[in-house]
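Everything below concerns the one structure shown next.
2 protein chains.
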Amino acid sequence: MSHTYDYPRPAVTVDCVVFGMDDEDLKVLLIRRGVEPFSGRWALPGGFVRMDEALDDAARRELEEESGIRPSHLEQLYTFGAPDRDPRGRVITVAYFALVKLSAHHLHASTDAREAAWFSVWDTPKLAFDHAEVLGTALQRLKGKVRYQPIGFELLPPKFTLSQLQRLYEVVLERELDKRNFRKKILAMDLLEELDEVEQDVSHRAARLYRFDHKKYRQLEKAGFNFEL
Amino acid sequence: MSHTYDYPRPAVTVDCVVFGMDDEDLKVLLIRRGVEPFSGRWALPGGFVRMDEALDDAARRELEEESGIRPSHLEQLYTFGAPDRDPRGRVITVAYFALVKLSAHHLHASTDAREAAWFSVWDTPKLAFDHAEVLGTALQRLKGKVRYQPIGFELLPPKFTLSQLQRLYEVVLERELDKRNFRKKILAMDLLEELDEVEQDVSHRAARLYRFDHKKYRQLEKAGFNFEL
DNA sequence: TGACAGGGTGTTCGCCGGACACTATGGCGG
DNA sequence: CCGCCATAGTGTCCGGCGAACACCCTGTCA
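Protein chains in written order, with the working numbering: chain A, 594 to 822; chain B, 594 to 822.
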């Protein structure tokens, strides 16, 4: 079946930059392409938008189809539409930005025969299309946003230690933070629930676990509170 | 001439939210539609993206065609793609956000038979499509961005008084600012060039004029300086 | 039992943001 | 010409917050 229009139309895709965090590093999800163009190259998960589908829904669907992941945070990032960004012709892509708790998503291998894997964001292979630029934009966004919105927690397991949280901020912001000042500030916000649990299976003194209190955050937010760093 | 594709494709447009500032209020540029759908209604300037044209270029072109305006600041805002946002079918619009010096753009009336006019952003007529939502998103962006990037100056004439600048911030941020603190802070940044001129034709003491020093800003920016409020 | 690998904790100081009120000028009208 | 009006322009104090900074604690493992 074919479709005919009076004027030429670009194709529209969505692509997702999905970030996850393991104990050392910030990771991004990539898919190895199995078809031309750029067959064999790594690329961001994504695909064509259906005619009856909202853009956000398309992003979620493609992500789930290609990796099985349902992100805990998803937002639109930027729309890339350089006329020559896809060798097949005019393709405009609406890029999305997603955060997942890596621990909860041990990639059940390739859901539909495509290979998916996590890469350190500082050390990715050469990417297809303009996906390196998209990734760069997403990193900037993450770096900017993490300081004034509590989205960093979406990258950590539900229960986490303050050291994990600090490492996360250090990796994302690309600078070291003072342990005492960091703890003082984050605890002063009163957004973390101190649990009666400590981490397990570590070969040194075990750290206390905390949980982010979404409900309290929403309350404070309404009252004009601003999360910052 | 017609164009045929294997899969259906959405149409892609750009729409521009153009802000200007007069002595009292923040304004937005609207165009009265002359064709269906929403004929007679006011809408944001915009139109279809050409096949060989970057998105930014499309935004600039449509804006110039419909109003003669060449904005001093233009950036992508957000992409709106709800399946039912246009009664003609699937139309995805990439919205842009633009700032102009109102004084320099006394709308040479309708460049191509369409009616264009400035409206107070707090008091617009009912808008076509989902343009009210687009405008709301743009206002949020302006409000957020004006505090940590010196884009407010794009809304003022090249030479302005500190009172004009303060009024601009008050209108955009929707709150009153203390005159002494505002002046202290903005002057401390050392980004304003104090001119040997005062405003003319006012029926009270004339205020000194200042000019924003773009060059100095770029230097400081490189050195890690951060503009704030 | 000692060494190692993080965990956890307070104080000081300088700066900046916020609150706050009066004098100075210039135009205009009476 | 004098007084009024409308806006311009100016400085201080205080409290809070961010930045710098070092040592003891605890649990594990060899």
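Positions of the beta carbon are idealized from the N, C-alpha and C atoms, including for glycine. All figures in this text were calculated on a predicted structure; none of them were measured in a lab.
*If you check the beta carbons only, do L735 of chain B and F612 of chain B fall under 8 angstroms apart?*
The count along the second sequence starts at 1 and reaches residue 735 of chain B at position 142. The count along the second sequence starts at 1 and reaches residue 612 of chain B at position 19. Yes, the Cβ-Cβ distance between L735 of chain B and F612 of chain B is below 8 angstroms.
*With burial defined as no fewer than 16 other Cβ atoms inside 10 Å of the residue's Cβ, what is the status of W711 of chain A: buried or exposed?*
As a working mapping, residue 711 of chain A is identified with position 118 in the first sequence. W711 of chain A is buried by the Cβ-count criterion.
*Beta-carbon contacts of S703 of chain A that lie in its chain and below 8 angstroms, excluding the five residues immediately before and after*: Position 110 of the first sequence, counted from the first residue, corresponds to residue 703 of chain A. Below a pLDDT of 50, predicted positions are generally treated as unreliable, and S703 of chain A, at 48, falls in that range; the measurement from the model is reported next regardless. If we look at S703 of chain A and ignore the five residues flanking it on each side, its Cβ neighbours are A709.
*Have a look at S665 of chain B and P743 of chain B and give me their C-alpha separation to the nearest angstrom.*
Counting from 1 along the second sequence, the entry for residue 665 of chain B is found at position 72. Counting from 1 along the second sequence, the entry for residue 743 of chain B is found at position 150. C-alpha separation (whole angstroms): 13 angstroms.
_Within chain A, partners of D608 of chain B - CB distance below 8 angstroms_ = Against the second sequence, residue 608 of chain B aligns to sequence position 15. What D608 of chain B touches in chain A: nothing, since even the nearest Cβ is about 13 angstroms away.
*What's the C-alpha gap between L802 of chain B and R768 of chain B?*
Residue numbering aside, residue 802 of chain B sits at position 209 when the second sequence is read from its first letter. Residue numbering aside, residue 768 of chain B sits at position 175 when the second sequence is read from its first letter. Straight-line Cα distance between these residues: approximately 24 angstroms.
*Apart from the five residues just before and just after Y598 of chain B, which ones in its own chain have a Cβ nearer than 7 angstroms to its Cβ?*
For this step, residue 598 of chain B is matched to residue 5 along the second sequence. No residues qualify anywhere along the chain.
*DSSP state of Q812 of chain B, grouped into three classes?*
Within the second sequence, the letter at position 219 stands for residue 812 of chain B. Helix.
*Would you say V684 of chain A faces chain B, with C-beta separation under 8 angstroms as the test?*
Here residue 684 of chain A is taken as the residue at index 91 of the first sequence, counted from 1. So, not an interface residue.
*Taking any Cβ of chain A, which residues in the region 667 to 696 of chain B have a Cβ under 7 angstroms from it, in chain order?*
Q669, Y671, T672, G674, A675, P676, R683, I685, V687
*asked:* When you compare the region 651 to 670 of chain A with the region 619 to 628 of chain A, are there three or more beta-carbon pairs, one atom per stretch, that lie closer than 8 angstroms?
replied: yes
_Taking 8 angstroms as the threshold (C-beta atoms), are P603 of chain B and V605 of chain A in contact?_
Against the first sequence, residue 605 of chain A aligns to sequence position 12. Against the second sequence, residue 603 of chain B aligns to sequence position 10. With respect to the 8 angstroms criterion, V605 of chain A and P603 of chain B are classified as neighbours on the basis of their beta carbons.
_DSSP bridge partner residues for V621 of chain B (one or two, in chain order)_ = Here residue 621 of chain B is taken as the residue at index 28 of the second sequence, counted from 1. For V621 of chain B, which the question treats as bridged, DSSP gives the partners B:F612, B:F712.
*asked:* With the cut-off set at 8 angstroms, would you say T730 of chain A and Y671 of chain A are in Cβ contact?
replied: Here residue 730 of chain A is taken as the residue at index 137 of the first sequence, counted from 1. Here residue 671 of chain A is taken as the residue at index 78 of the first sequence, counted from 1. Yes. Within cutoff.
_Cutoff 8 angstroms: R602 of chain B Cβ touching any chain A Cβ_ = Here residue 602 of chain B refers to the residue found at position 9 of the second sequence. For R602 of chain B, the answer is yes, since a Cβ of chain A falls inside 8 angstroms of its Cβ.
*Leaving out five residues before and five after V739 of chain B in sequence, what residues of the same chain have Cβ atoms less than 6 angstroms from its Cβ?*
Here residue 739 of chain B is taken as the residue at index 146 of the second sequence, counted from 1. Once the five neighbours on either side are set aside, the close Cβ partners of V739 of chain B are G745, V765.
*Work out the CA separation of R804 of chain A and P751 of chain A for me, nearest whole Å.*
Indexing the first sequence from 1 puts residue 751 of chain A at position 158. Indexing the first sequence from 1 puts residue 804 of chain A at position 211. Going by the C-alpha atoms only, they are around 6 angstroms apart.
*Express the C-alpha separation of T754 of chain A and G817 of chain A in angstroms, rounding to a whole number.*
Position 224 of the first sequence, counting from 1, holds the residue named residue 817 of chain A. Position 161 of the first sequence, counting from 1, holds the residue named residue 754 of chain A. One C-alpha to the other measures close to 27 angstroms.
_Whole alpha helix (DSSP H) elements within the region 720 to 762 of chain B, 4-residue minimum_ = 724 to 738
_Cα-Cα separation between V693 of chain B and C609 of chain B, rounded to whole angstroms_ = Locating residue 693 of chain B in the second sequence gives position 100, where the first residue counts as 1. Locating residue 609 of chain B in the second sequence gives position 16, where the first residue counts as 1. A direct Cα-Cα distance of roughly 12 angstroms separates V693 of chain B from C609 of chain B.
*Please classify A675 of chain B: does DSSP put it in a helix, a strand, or coil?*
By one-based count along the second sequence, residue 675 of chain B stands at place 82. Here A675 of chain B carries a coil assignment [DSSP, helix/strand/coil].
*CA-CA distance, E747 of chain B and F631 of chain A?*
Along the second sequence, read from residue 1 onward, the residue named residue 747 of chain B stands at position 154. Along the first sequence, read from residue 1 onward, the residue named residue 631 of chain A stands at position 38. Rounded to whole angstroms, E747 of chain B to F631 of chain A spans 42 angstroms at the Cα level.
*Does the region 635 to 646 of chain B come close enough to the region 773 to 792 of chain B to have 3 or more Cβ pairs within less than 8 angstroms?*
Using a Cβ-Cβ distance cut-off of 8 angstroms, the region 635 to 646 of chain B and the region 773 to 792 of chain B are not in contact, since fewer than three pairs of beta carbons, one from each stretch, lie closer than that value.
*With a cut-off of 8 angstroms, does the C-beta of A709 of chain A fall near any C-beta of chain B?*
Counted from its first residue, the first sequence places residue 709 of chain A at position 116. No - not a single Cβ of chain B is within 8 angstroms of the one on A709 of chain A.
_Please list, in chain order, the chain A residues whose beta carbon lies closer than 7 angstroms to that of V739 of chain B._
Along the second sequence, read from residue 1 onward, the residue named residue 739 of chain B stands at position 146. None at all; the shortest Cβ gap to chain A is about 15 angstroms.
*asked:* Counting C-beta neighbours from all protein chains within 10 Å, is the total for K719 of chain B 16 or more, i.e. buried, or is it exposed?
replied: Locating residue 719 of chain B in the second sequence gives position 126, counting from the first residue. It counts as exposed.
*chain A partners of H596 of chain B, CB-CB under 8 angstroms?*
To locate residue 596 of chain B, count along the second sequence from 1; it is residue 3. By Cβ distance, chain A contributes T597, Y598, D599, Y600, P601, R602.
*Within its chain, find whatever has a CB closer than 6 angstroms to the CB of A652 of chain A; leave out the 5 residues flanking it on each side and keep chain order.*
Locating residue 652 of chain A in the first sequence gives position 59, where the first residue counts as 1. Taking A652 of chain A as the centre and dropping the five residues before and after it, the same chain places the C-beta of V607, C609, Y689 closer than 6 angstroms to its C-beta, in chain order.
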